[in-house]
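Here the structure is laid out as structure tokens; the discussion comes afterwards.
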Amino acid sequence: MDARIWLLALAVAFLIVLSAFFSGSETSMTAISRARVHRLAQKGDRRARVLEHLLSMPERLIGAILLGNNLVNILASALATTLFLELFGPAGVLWATLVMTALVLVFGEVMPKTYAILNPDRFALHVAPIVSLVVKVFAPVVSVVEKLVRMALKALGADTRNAGNALSFREELRGALDLHHARGEVVKRDRDMLGGVLDLRELTVADVMVHRTDMKSIDISRSPREILQYVLDNGFTRYPVWHEEPDNIIGILHARDLLAAIAGAGGNVDAIDIRTLLIAPWFVPDSTPLADQLAAFLRRKMHFALVVDEYGELEGLVTLEDIMEEIVGEIADEHDRAAQGIRREGCSYIVDGAMPVRDLNRLYDWSLPEDEAITIAGLVIHEAQMIPDPGQAFTFHGFRFEILDKERHRITRLRITPLNDDTCTDAERPSSVSASENGKTDS
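Per my numbering, the very first residue in the sequence shown carries number 3; after that it's consecutive.
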């Protein structure tokens with residue numbers, strides 16, 4: 003009798019160890035990074051290769067682990083009931099329930115899962131060979147279970163044909179970047195740069211181009227000396243050249259070609275024929291994704307393109323630098339003028355109407371919508387459903403927008419005040435702004 007009791011107790015203890023193994027394996031293999039496993043497998047780690055193979059069939063892996071876990075838990079409970087019945091008689095059922103609940107909860111679930119979640123890589127790599135064997139042994143039973151589950155879900159109206167992660171890999175990476183930035187593990191600049199790379203496929207040329215109203219272009223009818231002075235005054239490398247009207251672009255003038263021609267003419271600027279220096283213009287649609295445009299720039303070894311809409315009308319221009327700035331931020335050199343697009347005044351920001359919404363969000367970690375309009379002026383017009391006049395103010399998306407200046411139908415300057423900026427004191431806030439302000443317009 004005593005030997006039988008000891009055997010039952012040892013069997014229950016062994017089954018609880020197996021329960022801990024299955025519980026920890028499930029947690030570690032769902033918590034481990036598949037990208038990290040893939041990298042280890044590429045380096046030649048045999049256990050990582052086994053683990054990568056297991057992770058490639060998640061339904062079968064989880065099914066086998068859950069099957070094993072339930073088998074050992076149920077068997078342990080049955081043996082424990084037999085054990086306590088022999089020790090305490092009919093009351094042994096109650097004792098078996100209480101003791102097994104505590105043992106399985108602490109040693110079979112919480113403890114192994116806590117360790118696995120804290121050390122997912124180490125745990126998963128160590129148990130991968132054993133779990134691989136378990137998956138092979140339970141494969142026939144798991145296959146039947148999978149079919150039964152799919153049939154049940156189909157009967158309930160659930161579609162399992164396209165089952166998988168609802169998030170794209172770009173959204174996963176962006177979420178990971180934001181999470182690690184919030185934890186202080188990734189600095190803002192690195193997060194913005196990596197986020198900019200992920201956004202290239204979602205942004206189009208129209209989102210980053212220089213609008214035609216802000217383009218610096220050259221009239222071919224002007225004298226070579228006037229053109230040279232214009233190039234020197236503006237400080238850009240390439241200029242669209244037009245004939246008769248600004249939309250009629252006939253070529254691109256490179257400042258280096260102009261200076262080379264002047265040197266070749268012995269400094270006689272008036273002897274230069276500007277038309278012979280022009281490069282054929284390259285036109286691209288405004289709907290071109292930035293990733294495709296970047297690849298086209300690299301493939302054609304060009305840094306400058308003119309942007310046209312669906313009707314072939316000129317909209318603006320885009321350069322390689324414009325795209326690179328979406329990744330690394332503003333690029334300036336010793337010849338660039340200081341940016342005058344934004345200035346802080348207390349709790350408010352004086353912003354140029356042409357400032358892109360995306361730039362403001364990246365600069366100050368704001369969350370203004372970027373889908374409705376490209377520029378901050380466009381966003382105000384979209385939300386206000388009108389072209390406001392100077393002095394009008396609007397409140398939306400947690401900000402107050404006050405129109406300061408307007409030229410014809412363009413908002414050229416406005417004041418933006420975050421309503422929930424805890425770093426500002428009441429004394430710093432404009433007198434006309436309060437955190438309780440509601441509604442779209444104050445005017």
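Every residue, glycine too, gets a C-beta built ideally from N, C-alpha and C.
Check: Where the alpha helix (DSSP H) through LEU57 begins and ends; Outcome: 48 to 57
Check: Coil, strand or helix - VAL11 by DSSP; Outcome: Residue 11 is actually Ala in this sequence, not Val. Correct three-state label for ALA11: helix.
Check: contact_flag[the segment 39 to 59, the segment 122 to 135] where n(CB pairs < 8 Å) is 3 or more; Outcome: yes
Check: Supposed close pair GLU328, LEU205 - CB separation, criterion 8 Å; Outcome: 7 Å
Check: Alpha carbon of LEU261 to alpha carbon of ILE251, nearest angstrom; Outcome: 21 Å
Check: Interface flag, GLU372 vs chain C, CB-CB below 8 Å; Outcome: Absent from the structure: chain C. Only one protein chain is present.
Check: Sequence ranges, alpha helix (DSSP H) only - wholly within the segment 273 to 335, length at least 4; Outcome: 292 to 302 and 322 to 330
Check: Runs of beta strand (DSSP E) lying entirely within the segment 199 to 261, each at least 3 residues, in chain order; Outcome: 240 to 244 and 251 to 256
Check: Residues bridged to PHE401 (per DSSP); Outcome: PHE398 and PRO420
Check: The beta strand (DSSP E) enclosing ARG345, as first and last residue numbers; Outcome: 344 to 347
Check: Between the CA atoms of ASP361 and ARG345 - distance to the nearest angstrom; Outcome: 14 Å
Check: Enclosing alpha helix (DSSP H) for ASP123 [first to last residue]; Outcome: 122 to 157
Check: Candidates ARG417, SER27, ALA154 and ASP201, of which the one nearest MET113 by Cα; Outcome: SER27
Check: CA nearest to the CA of GLN295, picked from ALA104, ALA257, LYS408 and VAL210; Outcome: VAL210
Check: Status (buried if at least 16 other CB within 10 Å, exposed otherwise) for ALA340; Outcome: The predicted position of ALA340 is uncertain, since its pLDDT is 46 and thus under 50; a value taken from the coordinates is nonetheless stated next. When all chains shown are included, ALA340 counts as exposed.
Check: Endpoints, the alpha helix (DSSP H) within which ASP361 is located; Outcome: 359 to 366
Check: Member of LEU69, PRO226 and ILE325 whose CA lies at the smallest distance from the CA of VAL139; Outcome: LEU69
Check: ASP1, DSSP secondary structure in three states; Outcome: A question about residue 1 goes unanswered here, because the residues of the chain that appear run from 3 up to 445.
Check: LYS156, buried or exposed, once every other Cβ within 10 Å from all chains shown has been counted against 16; Outcome: exposed
Check: Simplified DSSP assignment, three categories, for GLU409; Outcome: strand
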